[in-house]
Structures are given as C-alpha cells and as structure tokens.
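Peer 1: Chains as they are written, first to last, in the numbering used here: chain A, 1067 to 1546; chain B, 150 to 399. Each residue gets a CB set at the ideal place from its N, CA and C atoms; glycine is no exception. Bear in mind that the values here come from a model prediction, so they are computed numbers and not experimental data. Below is a structure I'd like to ask you about.
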C-alpha cells in the first residue's frame, strides 16, 4: 500500500526543466524540401560548398528508409509536420551586432547555466544553444589566447572555413545512416572546437542544448578537432520543455583526435522523457563518433542518459592510430514508458589498440532498455584488446533489459572479453535500508548510485554531483 | 516502552503468531526463547514492520504511539533497531554512504541538521572501536564479503551509530565463535543506556550470560507459554523445551 502511494506521488512529480520561455522566435514554416534546405543555408549565410553538402545529403536521405532494427517502438514521424529552423535571438539594427534577449539569459540562469562570465562555474566555458541558434559562447577571448577556437559551428563556417570543410562529414559521412543524412541536410547550430598542437585546454568546454519552440526539431551538429599532443574535456547537457507531442532531436557529433591527443566527452542527457503515461517526450536519435586518427591518441565517451522518450545512440570510436585507446562509459536509465537502445561501436584498425566498454542499464516502470554494441577488430589490428562489461539492473517486474553484443574479429592476436550481469534490487535490501531509517526512495537512490558509480566517477566533479541527483529524480517511483 | 496486545500475525495467509501479549518497560531486557518455527523471527519482523507480514489482530504501542500505523522507516527513526539474523548484502553501496544516509535520516526525523562529512567520519571512527570493527570493512560495500562474525559485529556497530532506545537482537549469537560473541555482547552492554530496552531472541544460554535479561519468555507455536526470571534460560539449556510443552498441555 505504501508503495502505491509512493508511485502515485512520483508520477505526479514534475520534470524540473519542463518550463517554456516566452520569447519572440522566428520559426520557419513546417515541412521539408530542397527549398527549405536552401533557406536554412541562406539564413546562415553559408558558402556554396556547404549548401552543396546539404543538398547531396538531402537527396540521399530521400532515397532512404527510417531504420527499424533497434529494440524500439518508434512512432511514425511525419517529417513534413516539423519546422526545421527556429531562431529565438533578437537581431538589433546594427550589422552583426546581436543583442541577447534578457528572457534567454534568464532561461539559462534558471537551468543553472549562467551566461555572464563572472557568474559562471569556475573553469567552464559554455556555448548555449536554444532551438536552432547559439545564443552565446563564453570565455572565447581567454581561450583564443592559447589559439583555442570555441564557437558555434555557424560562426566557424564563416571564420574558419578551411578547418570546418576539412573535417565536417569526415567521421560521420551523410551516407552513414538515415538520421545522419537528415542532420547533414538541415543541421542548424552546435559547437565547434579546435585545440591546436600541443595545447592543453585550460578549462572544461561545454555546450548546453535547449529545445524551446513548439513543433520544431533540433538538429545540432558538433565538431571537435583535437590536434597532435593536445587535450580537451568537453561536456554536453540538454533539457526541453514538457510537451504533449514528441519532439525530434537528430544530432551529429564528430571528433577527430591527432597523435598523442586526448579528448574526454561527457554527456548528461536529460531531454523531457514524456509523462508517466508515455505521452510526449523527445525522440533522441543521435550519431556520435570519434576518429582516433593519430598514433597513441585517446578518446573517452561518458554518458548519463536519463531523459528522452526514445534514445537511439551509439557513441563510437574508430581506433585508426596505432596504440590508440578508446573508452565508453554509460549509464542509461529508463522509467515509465521510456525506451533506450544505446551502446557503442569500437572499430579497431591500428596495431596495439585498446578499448574498454562499461555499460550500466537501469530499467524501471514499463520501460525497455537495451545495450547494443559492436567490437570489430580489423585484419591489421595486431594485439588489439577489448574489454566489455554490460550490467543491467531491473526495478520492478514490468520493465525489460536486453543486451545485444556483436563481435567481428578478423585478427588472431586480438583479445576480446565480454561480461554481462543482470540484477534486481531485492525486497530484502530495501527492507534492510528501511529498518535503518532510510526511506525507500532514498534507498533506491543509494543502490542505483552505488551501481552506477564506476561510470559516474568518470565525469568531471560538478557534473558527477548533478548526475547523481538526476538519477535519484529519474527513478523516483520506480520500485514496484 | 513497548506494549504488545493480543497480536495475531502471519505471512502469505498463514497465521504464525496467535495472540502475543508482551510488555517491555524502559531499561528492561527480555529474552525470547523457543523451538524452531515457533514464531520468534515473525515477532521481530512484525515489530519492525517487514512488509511481507500481515497483522490480523491486536496492537503494538511504542511509547504510547500506534506502531502498526507507522512505516518501517518511521519506526526505525522513532528509535527501534533490529540486529538482523542474516544481514543483507548491498553491492556497490559503501558502509560509509549507507550509514551516513541512516544517521542523517534519523537526525532529520528528530529535527536536527545533517552531520557534516567531517563530524560523521569522526563518529564512525569512535563507534567502530566499540565492536573492534576493522576500518577496512567500513569502506567496503554493505555486508559484501563480510564473514558471519563480521556481519554481526557490523550490526552492533550500526546500533552504536544510530543509538536506538529499543533493540531487537535476532539470533545475534548464531554463527559467532566465543571471542566474537563476547565482543558483540560487551559492545551491546557498553552501548546500553539506563532506559534502553531490548528483546533478545536466542536458542542459547551463553549470550544471555553476558546480557543478563530481566525476563525470559518461551514462545511455542505462536504463543508465549511460559514467562520467568533469568533462571528459566538455564533450565531450558539443561532440560530442553519438552517439559514446558507438557506443562502447557501442548
């Protein structure tokens, strides 16, 4: 009986970031066509080569079908019923002189992302993106002193066209998959990062994505280029208002790492997950991939996925350079009617390459949570090693946890290990906690955080604390 | 302190306790002895509020409060502590984090502020000494990889941290060697305050030699069939339970 009351209480609990900002937003008419692609490109004042890139991607996309291999029930998406561009920033009369609406500043304040540098988290530079446009990027001057470029990708196209042109689509070609083609055709904003040779980025870089406008999709595009002997740690956060209808988010993140370079990419994904009946929520269909181009390069993906109605996402690594090392750490939480099909691909091409996969799935309510991963070792990858560990934790008996590990090993000297466990929070454990005075909700939080701590420990400090709190909130009411 | 009236309770539709009457006054220690399956563990589980057990009749008052109307954690935070017979392992949750959550839940219920990390760790160090608990154990996951004796010591350590006013020791002596038994029993005694009361569930005399109960009850087939002074425990040790059954006409 107490449990039912608890469940009810939680079902009624609100998603903390579900508010909407009232701001004048220029929204492109709904629908998708070559004209729309051209219009987006024109609005952004893009060069010819980029328009051509978009159009090629769009034409390819038209020939493709939405993939159905995921362990997901993806609703029919009407691509003509979505607006592909929404700009919430006011433009003042002066040429290129952009004034930020105080409402936007307030929104990001409310989300805990102050855009005034004096208020910012120490040691973190932020690119704030709302809908299709980057609102502001902080600490740019300080970073520029070291030769680091951190700006929105739209600006990068204008200010650093050669860098962008050399790498855009080089890791995730538009032909990669259906959603990658769609993104390549209509992508709006996202961040661009360049760390020059031998430079250690002195602060955490982060992008905060926010969907605000109704009936729009967000198609962010992020490109990180970390040159030889350089280092950067990059964080990504995301939230959206509560809406009854599904919102589409189809992003691409590409990372290129030079010799002895190192990139740490962390995500705390908290898009609106839909309500407790499964209504609404963000469809998070994302392609993220890093190319470990140089020898001895390193890349780690750390993700805490708690939001979205549907998550379809496999941050992957192509280990091309000899002795390059890649890591994937993931905690994916699903509750109510959420569905997640997430994991990674580790493609070993170089000699002596090493990859580690630690995946922790937590399912509750009537949700479905799948790990899908591919470990591929090419013919030339002598001495390649992979260790994978995939754990699933079930809360209640109406949810599902699934593991789909694929292996393709073409080199005899490779060592590939895979471990998997499935466990449940037991009544005995909860009772033991209760008898010590710890309420069920807090007990679940303790156990889940303990279960996920190997991954949470990989996050930068400030993020780890946020992620812990987020796990507790997402799972409230999950015991049954 | 604790007043049990005509308590009927069971599990999965099967009645196990068939009308228990038991009053434990402040500062008293009551031993409950009995044969296997007599209902000793059911009695302790019902007092602390295990969700699997159902009370069909009767009442339990704790300091005048209706205990049966309170949730398990409310009972715990009102000062009731059970030392488990088989403490559960909770992988991934460190003893430190677990105890911190428990101590702060108790403090919150008392309207006190949460302890700072520094003060909390100091408290852990002090209390650990009482049961000679290895510092390594408190940095491990709750009960994970603990030996039987370590688990029991860990229970008394938790009692030291939470300072309950009413304790249930559910077969705390099972699986303990002589030295461990002494450490656990002496730990319990040193933690007792004048008004701390307890129910001690045991099969054996030896734990009672240390704890010196005021009253000994014999529980058979869901009923308390005999109540006596500490000498009753010695008599059971020598003669077993059959004579009591005969006396009670069972």
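Is the segment 1370-1386 of chain A in contact with the segment 1269-1284 of chain A, if contact means three or more CB pairs nearer than 8 angstroms?
Peer 2: Touching, no, given that fewer than three Cβ pairs across the two stretches are closer than 8 angstroms.
Peer 1: Among 281/B, 307/B and 270/B, which one has its Cα closest to the Cα of residue 328/B?
Peer 2: The candidate whose alpha carbon is nearest that of residue 328/B is 281/B.
Peer 1: Any C-beta of chain B within less than 7 angstroms: which residues of the segment 1341-1371 of chain A qualify?
Peer 2: The residues in question: there are none.
Peer 1: Quick check on residue 1547/A: buried or exposed, where buried means 16 or more other Cβ atoms within 10 Å of its Cβ?
Peer 2: One cannot answer for residue 1547/A here, as it falls past the ends of chain A, which runs 1067 to 1546.
Peer 1: Compare the beta carbon distance of residue 1600/A and residue 1257/A with 8 angstroms and say whether it is the shorter of the two.
Peer 2: Since the displayed chain A opens at 1067 and closes at 1546, residue 1600/A lies outside it and no answer follows.
Peer 1: Which residues in chain A sit within 7 angstroms of residue 237/B, going by Cβ to Cβ distance?
Peer 2: By Cβ distance, chain A contributes 1494, 1495 and 1498.
Peer 1: Please name the residue or residues paired with residue 348/B in a DSSP beta bridge.
Peer 2: The partner list for residue 348/B (beta bridge, DSSP) reads 179/B and 317/B.
Peer 1: Tell whether a beta-carbon distance below 8 angstroms holds between residue 1329/A and residue 1290/A.
Peer 2: Going by C-beta atoms, residue 1329/A is nearer than 8 angstroms to residue 1290/A.
Peer 1: Is residue 1505/A close to chain B? Criterion is C-beta to C-beta, closer than 8 angstroms.
Peer 2: Interface residue, yes.
Peer 1: Between the Cα of residue 1293/A and those of 1214/A, 1141/A and 1139/A, spot the shortest distance and give me the residue it belongs to.
Peer 2: Considering only alpha carbons, the answer is 1214/A.
Peer 1: Residues of chain B with a CB under 9 angstroms from the CB of residue 1209/A: which are they?
Peer 2: Under the 9 angstroms cutoff, chain B gives no residues; its nearest Cβ is about 34 angstroms from residue 1209/A.
Peer 1: For residue 1204/A, count neighbouring Cβ atoms within 10 angstroms of its own Cβ and tell me buried if that reaches 16, exposed if not.
Peer 2: Label assigned to residue 1204/A: buried.
Peer 1: Tell me whether residue 1500/A sits in a helix, a strand or coil according to DSSP, three-state version.
Peer 2: Three-state result, residue 1500/A: helix.
Peer 1: In whole angstroms, what separates the C-alpha of residue 1454/A from that of residue 1470/A?
Peer 2: Their Cα atoms are separated by approximately 12 angstroms.
Peer 1: Verify whether the separation of the beta carbon atoms of residue 1363/A and residue 1325/A is less than 8 angstroms.
Peer 2: Yes, they are a contact pair.
Peer 1: Is there a C-beta anywhere in chain B that falls below 8 angstroms from the one on residue 1330/A?
Peer 2: No, its Cβ sits nowhere closer than 8 angstroms to a Cβ of chain B.
Peer 1: Could you spell out the range, first to last residue, of the beta strand (DSSP E) harbouring residue 1274/A?
Peer 2: Where residue 1274/A is concerned, the enclosing beta strand (DSSP E) stretches over 1270-1276.
Peer 1: Reducing DSSP to helix, strand and coil, say where residue 1432/A ends up.
Peer 2: In this structure, residue 1432/A counts as coil in the three-state DSSP scheme.
Peer 1: Rounded to whole angstroms, how far is the Cβ of residue 1373/A from the Cβ of residue 1327/A, which I believe are closer than 8 angstroms?
Peer 2: About 31 angstroms separates the two Cβ atoms, so there is no contact after all.
Peer 1: Assuming residue 1252/A contacts residue 1355/A (C-beta within less than 8 angstroms), just tell me the rounded distance between them.
Peer 2: With a Cβ gap of about 19 angstroms, residue 1252/A and residue 1355/A do not count as contacting.
Peer 1: Please determine, among 354/B, 232/B, 369/B and 259/B, the residue with the shortest C-alpha to C-alpha distance to residue 299/B.
Peer 2: Residue 299/B has its Cα closest to that of 232/B, out of 354/B, 232/B, 369/B and 259/B.
Peer 1: Nearest-angstrom Cα distance between residue 1158/A and residue 1331/A?
Peer 2: Because residue 1158/A sits at a pLDDT of 39, beneath the cut-off of 50, its placement in the model cannot be relied upon, and the following sentence gives the value as read from the coordinates. Roughly 35 angstroms separates the two Cα atoms.
Peer 1: Determine the extent of the beta strand (DSSP E) in which residue 1096/A is found, giving its start and end residues.
Peer 2: It is not in any beta strand (DSSP E) - residue 1096/A carries neither H nor E in the DSSP assignment.
Peer 1: Using the rule of at least 16 other Cβ atoms within 10 Å of the residue's Cβ for burial, across every protein chain shown, is residue 1074/A buried or exposed?
Peer 2: Reliability fails at residue 1074/A, whose pLDDT of 40 lies under 50, so the model's placement of it is uncertain and the value that follows must be treated cautiously. So residue 1074/A ends up on the exposed side.
Peer 1: Residue 374/B: buried (16+ other C-beta within 10 angstroms of its C-beta) or exposed?
Peer 2: That one is buried.
Peer 1: Candidates 313/B, 385/B, 171/B and 203/B: which alpha carbon is nearest residue 341/B's?
Peer 2: Considering only alpha carbons, the answer is 313/B.
Peer 1: Decide if the segment 1127-1146 of chain A is in contact with the segment 1088-1095 of chain A; the criterion is three or more beta carbon pairs, one per stretch, under 8 angstroms apart.
Peer 2: No, they do not touch.
Peer 1: Taking the straight line between their C-alpha atoms, what separation do you get for residue 1316/A and residue 266/B?
Peer 2: One C-alpha to the other measures close to 43 angstroms.
Peer 1: Quick check on the burial criterion: 16 or more other C-beta atoms within 10 angstroms. Buried or exposed for residue 1153/A?
Peer 2: The residue is buried, with at least 16 neighbouring Cβ atoms inside 10 Å.
Peer 1: Going along the chain, which residues of its own chain have a beta-carbon closer than 7 angstroms to the beta-carbon of residue 1068/A, five neighbours each way excluded?
Peer 2: Residue confidence for residue 1068/A is low, a pLDDT of 39 falling below 50, so the modelled location carries little weight and cannot support an answer.
Peer 1: Would you mind sorting residue 193/B into buried or exposed? The rule is 16 or more other CB atoms within 10 Å of its CB.
Peer 2: So residue 193/B ends up on the buried side.
Peer 1: Just to confirm the assignment, what range does the alpha helix (DSSP H) spanning residue 241/B have?
Peer 2: Residue 241/B -> not in any alpha helix (DSSP H); beta strand (DSSP E) instead, spanning 239-243.
Peer 1: Could I get the ranges of all uninterrupted alpha helix (DSSP H) runs contained in the segment 206-240 of chain B, with 4 residues as the minimum, in chain order?
Peer 2: Complete alpha helix (DSSP H) runs here, min 4: 221-226.
Peer 1: Does any C-beta atom of chain A lie closer than 8 angstroms to the C-beta of residue 287/B?
Peer 2: Residue 287/B does not count as touching chain A.
Peer 1: On the CB-based measure, 16 or more other CB atoms within 10 Å of its CB, does residue 1502/A come out buried or exposed?
Peer 2: So residue 1502/A ends up on the buried side.
Peer 1: Please report the straight-line C-alpha distance between residue 1487/A and residue 1456/A, rounded to a whole angstrom.
Peer 2: So the alpha carbons of these two residues sit roughly 7 angstroms apart.
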